[in-house]
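In my numbering, the protein residues as written are 23 to 149.
Here you go:
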């Protein structure tokens, strides 16, 4: 994002050690690399590998959230809402760990029970 949204300042304010990344997020980023321009693939893959290394001790494993995932998916089905599988796993992981999920995509997460959201891009809103 080249810090166009003051992300670096926000990270500095809370401390890098307070930030985690989900395995699912890594998978989505890798898909973006593979699906993107072939001319950028090597550079983008190198950047993802650096990110993975930087968060190696703060990567959230998805196995810890399977029961929450099932509960959330069942509740969403009952109210007639759907959330993409990866988003549901990421959100469930945040809930299980009692973390704030920082995302611009608050719409897809807002129906999850017990989730705490922040949008750092569009005004830093809390939901």
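All residues carry an ideal CB built from backbone N, CA and C; glycine is no exception.
Worksheet item: Do you know offhand how far residue 134's Cα is from residue 141's?
Response: Residue 134 sits at position 112 when you count from the first residue of the chain shown. Residue 141 sits at position 119 when you count from the first residue of the chain shown. The alpha-carbon separation between residue 134 and residue 141 amounts to approximately 16 Å.
Worksheet item: Got a sec? Which residues, its chain only, sit under 7 Å from residue 126 by beta carbon, not counting five neighbours each side?
Response: Numbered from its first residue, the chain shown carries residue 126 at position 104. Counting only residues of its own chain and dropping the five nearest sequence neighbours on each side, residue 126 has a CB closer than 7 Å to the CB of 141, 143, 144.
Discussion item. Is it buried or exposed, residue 40, if we count other Cβ atoms within 10 angstroms and call 16 or more buried?
Written reply: On the chain shown, position 18 is the one that residue 40 refers to. The residue in question, residue 40, is exposed, as its Cβ has fewer than 16 Cβ neighbours within 10 Å.
Discussion item. Taking the alpha-carbon of residue 118 as reference, which of 59, 61, 102, 138 has the nearest alpha-carbon?
Written reply: Walking along the chain shown from the start, residue 118 turns up at place 96. By alpha-carbon distance to residue 118, the top candidate from 59, 61, 102, 138 is 138.
Worksheet item: Looking at residue 108 and the ligand NAD, is the gap between the Cβ and the nearest heavy atom below 8 Å?
Response: As for the ligand NAD, it is missing from this structure, which has no ligand bound.
Fill in: For residue 98 and residue 45, believed in contact at Cβ under 8 Å, the rounded distance
For the purposes of this step, residue 45 is taken as residue 23 along the chain shown, with counting starting at 1. For the purposes of this step, residue 98 is taken as residue 76 along the chain shown, with counting starting at 1. Residue 45 to residue 98, Cβ: 21 Å. No contact.
Fill in: Residues near residue 112 by beta carbon distance below 6 Å, same chain, minus five either side
As a first step, residue 112 must be located in the chain shown, where it is residue number 90. 44, 46, listed in sequence order.
Discussion item. Buried or exposed for residue 116, going by 16 or more other Cβ atoms inside 10 Å?
Written reply: Here residue 116 corresponds to residue number 94 of the chain shown, with the count starting at 1. In the assembly as shown, residue 116 is a buried residue. Its beta-carbon has 16 or more other beta-carbons within 10 Å.
Discussion item. Restricting to Cα atoms, I'd like to know which of 64, 74, 35 is closest to residue 42.
Written reply: Numbered from 1 along the chain shown, position 20 holds the residue referred to as residue 42. That would be 74, whose Cα lies nearest to the Cα of residue 42.
Worksheet item: Relative to the C-alpha of residue 36, which residue among 122, 131, 70 is closest?
Response: Within the chain shown, the letter at position 14 stands for residue 36. Answer by Cα proximity: 122.
Worksheet item: Where does residue 143 sit, in a helix, a strand or coil, going by DSSP?
Response: Taking the first residue of the chain shown as 1, we reach residue 143 at position 121. Residue 143 sits in coil when the DSSP states are folded into three classes, being neither helix nor strand.
Fill in: Buried/exposed call for residue 91, threshold 16 Cβ in 10 Å
Counting from 1 along the chain shown, the entry for residue 91 is found at position 69. So residue 91 counts as buried.
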